[in-house]
Amino acid sequence: MTGRIPAQAQPGDMVVFRNWKYDGGAHWLVPGTYLGADSFGDWIFQPAGSLVARPGVAFFAASDAVQFLPREGDYVATFYDDTYPGDFRIYIDLATGIRVDPLLPAGWEVQLTDMDLDVIRTAGGRVYIDDEDEFAEHRVTMDYPEALAARMQASCRSLYEQVLAQAAPFDGTALTWLNKGRT
Amino acid sequence: MSFLRVYKKNNDGGLVFREAWFDEDYGQFVVNHGTVGHQSTTQDSKNVTAEAAESLMDAFAAQCAEDGYAELPPGEQSWVVAQYALKTAAGGDRDRYLEDKAKRTITEYFAWRGLGTVEKTEFVPHKLNIYVMAPDAAKAVTGLKVCLREAKLDYTKLSIGVAPHNNLAAVKQKHPLPAKTAFSLN
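Those protein sequence lines, which keep their order, are chains A and B.
Using my numbering, the letters of the first sequence map in sequence onto residues 1 to 183.
Using my numbering, the letters of the second sequence map in sequence onto residues 1001 to 1186.
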């Protein structure tokens, strides 16, 4: 089973998510290790202690998380469990230009452009779309093409519905991968 | 812009990764040196002076070393040399400007992409050489072509050569191709 990450990827390979803003500015850099792929896409473990950085801010991840790179679609998602001190359990970043490159000396680099539109599920089960104001602002200031902006909004609405309905892979599938990362 | 990218082998033999940088133009620094496993306090990251950044970077490097992270050994990296043909043997004011602007352009573009670091620049007769240490030579060559063309920095006078870290004399031209003459550093 392969997703966007090439079939020769092995569990344990380093995978670095390098996020950009649409205007070319650097955004979050998130390291992790490859777990494997299923029919939905690729799963990457981000252990507690990983240094997550962007210009101006960096922190060590407070708890384990698993990142999901879908086989297709304009997003990446991060899943947490109850060890996470914050309220998020699912955090979906709408994104474009998703690309996977080999990363020397070993591993893979996922490049993507964060479109500042998010779908979130909280620990209490509330599902909402976040940062619509930021998306609206950047749509103008960063000059998002109209067709791309419309596609992002449509994808966002669809993902919101899927998360709300707890459709796979937003049905707990991620927790199996999260636990796999811990073993 | 100073920049640090470090790796560590985890218990399974896989590599893990940290990256941090200071952007002089914006006075922004990425640093964190708390205890791994706990969300620690982010340092004052804005309006950081170059001197303060240096000490923050040193502290970050020390924390990484303590946690078992190290930079990729030079032997596992390559030299990628951006070379400009100059009109005069010694280079004039315009060439000094080109040196400064190209160095800044490459440094910033490469740092945010983890492509490598500018290690030195030099003028040799009729040439300006900019030496970049890169973990992935092919990506660095592509990166140089993109950033120097976008910055409109005399792209038609640019050549790029690649050499193993321990053997600069073995430098081979990678841009433009095919090479009309052998790539020479002097």
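Each residue gets a CB set at the ideal place from its N, CA and C atoms; glycine is no exception.
Considering only the beta carbon of each residue, do residue i and residue j sit closer than 7 Å?
i: D116 of chain A; j: F88 of chain A; result: no
i: F79 of chain A; j: I92 of chain A; result: no
i: W28 of chain A; j: W177 of chain A; result: no
i: K1139 of chain B; j: L1168 of chain B; result: no
i: D23 of chain A; j: M142 of chain A; result: yes
i: A62 of chain A; j: Y34 of chain A; result: no
i: A1137 of chain B; j: S1078 of chain B; result: yes
i: L51 of chain A; j: R1005 of chain B; result: no
i: G49 of chain A; j: F60 of chain A; result: yes
i: L94 of chain A; j: V127 of chain A; result: no
i: Y144 of chain A; j: V119 of chain A; result: no
i: E109 of chain A; j: V16 of chain A; result: yes
i: G107 of chain A; j: D13 of chain A; result: yes
i: T1105 of chain B; j: A1151 of chain B; result: yes
i: V66 of chain A; j: A174 of chain A; result: yes
i: T2 of chain A; j: A37 of chain A; result: yes
i: Y1084 of chain B; j: K1180 of chain B; result: no
i: A154 of chain A; j: R139 of chain A; result: no
i: E997 of chain B; j: T1117 of chain B; result: Lying before the first or after the last residue shown, residue 997 of chain B is absent from chain B, which here runs from 1001 to 1186.
Starting from the Cα of residue i, find the closest Cα among the options and give me that residue.
i: K1101 of chain B; options: B:A1089, B:P1176 and B:A1082; result: B:A1082
i: K1103 of chain B; options: B:L1177, B:M1133, B:E1076 and B:N1010; result: B:M1133
i: K1009 of chain B; options: B:D1154, B:G1068, B:A1020 and B:L1056; result: B:G1068
i: V1124 of chain B; options: B:F1183, B:E1054 and B:A1090; result: B:A1090
i: L112 of chain A; options: A:P102, A:G86, A:G125 and A:V76; result: A:V76
i: F45 of chain A; options: A:F68, A:R99 and A:E146; result: A:F68
i: A1053 of chain B; options: B:P1073, B:A1085 and B:A1020; result: B:A1020
i: G181 of chain A; options: A:G41, A:L148 and A:G32; result: A:G32
i: P85 of chain A; options: A:D114, A:I5, A:V57 and A:T122; result: A:T122
i: G1075 of chain B; options: B:P1135, B:T1121 and B:E1051; result: B:P1135
i: Q166 of chain A; options: A:E146, A:G125 and A:R151; result: A:G125
i: C1147 of chain B; options: B:Y1007, B:T1107, B:L1015 and B:E1066; result: B:T1107
i: E1066 of chain B; options: B:A1179, B:K1120 and B:Y1007; result: B:Y1007
i: Y1109 of chain B; options: B:I1160, B:G1161, B:H1165 and B:K1145; result: B:K1145
i: H1165 of chain B; options: B:L1185, B:V1080 and B:L1015; result: B:V1080
Say whether chain A places a C-beta atom closer than 7 Å to the C-beta of residue i.
i: E1017 of chain B; result: At residue 1017 of chain B the sequence reads Phe, which differs from the Glu that was named. True, the Cβ-Cβ gap to chain A drops below 7 Å.
i: P1073 of chain B; result: no
i: W1079 of chain B; result: no
i: G1091 of chain B; result: no
i: E1076 of chain B; result: yes
i: Q1039 of chain B; result: Bear in mind that a pLDDT of 42 at Q1039 of chain B, under 50, signals an unreliable position, so the number given afterwards is only what the model happens to contain. So yes, Q1039 of chain B belongs to the interface.
i: G1014 of chain B; result: yes
Work out the CA separation of residue j and residue i for me, nearest whole Å.
i: D130 of chain A; j: D1058 of chain B; result: 37 Å
i: A26 of chain A; j: L104 of chain A; result: 20 Å
i: R54 of chain A; j: T1088 of chain B; result: 42 Å
i: N1129 of chain B; j: G1143 of chain B; result: 16 Å
i: S1040 of chain B; j: D1012 of chain B; result: Per-residue confidence for S1040 of chain B stands at a pLDDT of 44, beneath the threshold of 50, marking its modelled position as unreliable; no derived number is given.
i: K1174 of chain B; j: D1095 of chain B; result: 23 Å
i: R1149 of chain B; j: Y1155 of chain B; result: 6 Å
i: C156 of chain A; j: G73 of chain A; result: 10 Å
i: R18 of chain A; j: W1112 of chain B; result: 9 Å
i: F40 of chain A; j: I5 of chain A; result: 12 Å
i: G1092 of chain B; j: A1182 of chain B; result: 25 Å
i: V1036 of chain B; j: N179 of chain A; result: Caution is warranted here: a pLDDT of 46 is assigned to V1036 of chain B, below 50, making its placement in the model unreliable, and no coordinate value can be reported.
i: E132 of chain A; j: P47 of chain A; result: 29 Å
Would you say residue i reaches chain B, if we count a Cβ-Cβ gap shorter than 7 Å as a contact?
i: P105 of chain A; result: yes
i: G12 of chain A; result: yes
i: V16 of chain A; result: yes
i: R69 of chain A; result: The sequence given here has Leu at residue 69 of chain A, not Arg. Taking Cβ atoms only, chain B never reaches closer than 7 Å to L69 of chain A, which makes this a no.
i: L51 of chain A; result: yes
i: Q166 of chain A; result: no
Closer than 6 Å: is that where the CB of residue i sits relative to any heavy atom of the ligand PLP?
i: T1107 of chain B; result: Among the components of this structure there are no ligands whatsoever, and the ligand PLP is therefore not found.
Give the residues from the segment 21-35 of chain A that approach chain B closer than 8 Å (Cβ to any Cβ), ordered along the chain.
A26, L29, P31 and T33
Contacting positions in the segment 1133-1148 of chain B - beta carbon closer than 8 Å to chain A
P1135, D1136 and K1139
Any residues in the segment 54-67 of chain A with a beta carbon nearer than 8 Å to a beta carbon of chain B? Which ones, in chain order?
R54, P55, G56, V57, A58, F59, F60, A61 and A62
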